[in-house]
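**Student:** Under our numbering, the first residue of the sequence shown is numbered 4, with each subsequent residue one higher.
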Amino acid sequence: MAWVVDTCIVIDVLEHDPRHGLRSARLLETLRGHGLVVSPVTMVELAPAFAGDLVEQKRFLTLAGIGHGIDWTAADTEAAHLAWNAYIGARRRRGGIRRPVADILIGAFATRFQGLVTRNARDFRPCFPTLDIKTS
4 MAWVVDTCIV
14 IDVLEHDPRH
24 GLRSARLLET
34 LRGHGLVVSP
44 VTMVELAPAF
54 AGDLVEQKRF
64 LTLAGIGHGI
74 DWTAADTEAA
84 HLAWNAYIGA
94 RRRRGGIRRP
104 VADILIGAFA
114 TRFQGLVTRN
124 ARDFRPCFPT
134 LDIKTS
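Here is the structure:
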């Protein structure tokens, strides 16, 4: 079963990030045999990195061995619904730190796959405590 690649990991590799790029690329290489995909949310978040050129974006992902045509499902919506409700409830009770809804959507999408590849595990663990997360 495939691993979902978070947006930050793709950008690390794309931009040859001096701090994270090599580590992120090596992690993807170790997981590539299991399959790699990005969520529809990551496809949207990547648009500025490719100056809105969707053809070039898809070409890069294909060359990197990362699938990019996976549909969002009703199960993804339900997982996101539960996680967002839990997050907002906890935030209201404890004044938790602010997280964008994009992380909730990416995490929810990842729940039906093997896990998530990110360097921001702390952004996902509170809402998805059972999600297998690999970090670079």
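A virtual CB, placed ideally from N, CA and C, is assigned to each residue, including glycine.
1. Identify whether valine 41 lies in helix, strand or coil by the three-state DSSP scheme.
2. Could you pull out every residue in the same chain whose Cβ sits closer than 6 Å to the Cβ of leucine 64, ignoring the five residues on either side in sequence?
3. Please identify the residue among Arg62, Asp126, Met4 and Ala28 whose C-alpha is closest to the C-alpha of threonine 107.
4. Are phenylalanine 112 and valine 13 closer than 8 Å when you measure CB to CB?
5. Here's a check: name, in chain order, each residue in its chain whose Cβ is nearer than 7 Å to the Cβ of histidine 23, leaving out the five neighbours to either side.
6. Using C-beta distances below 8 Å, list every residue in its chain close to isoleucine 69, excluding the 5 sequence neighbours before and after it, in chain order.
7. Determine the DSSP secondary structure at isoleucine 136, reduced to helix, strand or coil.
8. In its own chain, which residues sit with a C-beta less than 8 Å from the C-beta of arginine 29, not counting the 5 before and 5 after it?
9. Candidates Leu17, Leu119 and Phe131: which alpha carbon is nearest alanine 52's?
**Tutor:** Considering the structure as presented:
1. Three-state result, valine 41: coil.
2. Annotation for leucine 64: His71 place their beta carbon closer than 6 Å to its own, counting only its chain and skipping 5 residues before and after.
3. Contrary to the premise, residue 107 reads as isoleucine rather than threonine in this sequence. Scanning Arg62, Asp126, Met4 and Ala28 for the CA closest to the CA of isoleucine 107 turns up Asp126.
4. In this structure, the beta-carbon distance from phenylalanine 112 to valine 13 does not fall below 8 Å.
5. Excluding residues up to 5 positions away in sequence, Asp15, Arg122 and Ser139 lie with their Cβ nearer than 7 Å to the Cβ of histidine 23 in the same chain.
6. If we look at isoleucine 69 and ignore the five residues flanking it on each side, its Cβ neighbours are Val8, Val13, Leu31, Leu39, Val40 and Val41.
7. Of the three classes helix, strand and coil, the one that applies to isoleucine 136 here is strand, per DSSP.
8. Only residues of its own chain outside the window of five on either side were considered, and among them Ser139 have a CB closer than 8 Å to the CB of arginine 29, listed in chain order.
9. Here the closest residue by C-alpha is Leu17.
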